[in-house]
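Just below is one structure, and these are the notes that go with it.
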Amino acid sequence: MKYKKMMKFFCMLIILIFLFSYFIEVSGYYEYNLQNKKNLTEEQIKQFEMDVKEGKDIDLNQYLQDSQVDYSNQLTKTTSEISLKLNDYLKNFLSNGFKILEKFFK
């Protein structure tokens, strides 16, 4: 009886993790960030070409600067650290769980 409850919980946990990962991927957040970086790069190239045409002094560091501002504070840094630790624990839990399941099915 306890084995069935444990297996049911484990299967539900895997399904929830899969669904969460799937919705993050479907939302397009990663692609959106890549598109923003690409657009920024295109703007920097256009600015560089205009400066070359106008004969201005060119400093490559001026065009390679990342214009994103870091708005993180102590709360976001702490939650990020907690998230990373939780991710490590879940990774270990899942890998050990699959090793246990592998022993059951051999």
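Here our numbering is used: the first residue of the sequence shown is 423, the next is one more, and so on.
Glycine included, C-beta positions come from ideal geometry on N, C-alpha and C.
On a predicted model such as this, the values are computed, not experimentally measured, just so you know.
For TYR425, the uninterrupted alpha helix (DSSP H) segment begins and ends at 424-449. Within the same chain, and ignoring the five residues on either side of LEU506 in sequence, no residue has its Cβ closer than 7 Å to its Cβ. The C-beta distance from ILE467 to ASP473 rounds to 11 Å, too long to meet the 8 Å contact threshold.
When secondary structure is reduced to three states using DSSP, VAL491 falls in the coil class, being assigned neither helix nor strand. The beta-carbon distance between GLY519 and PHE432, rounded to whole angstroms, is 6 Å. This is short enough to meet the 8 Å contact definition.
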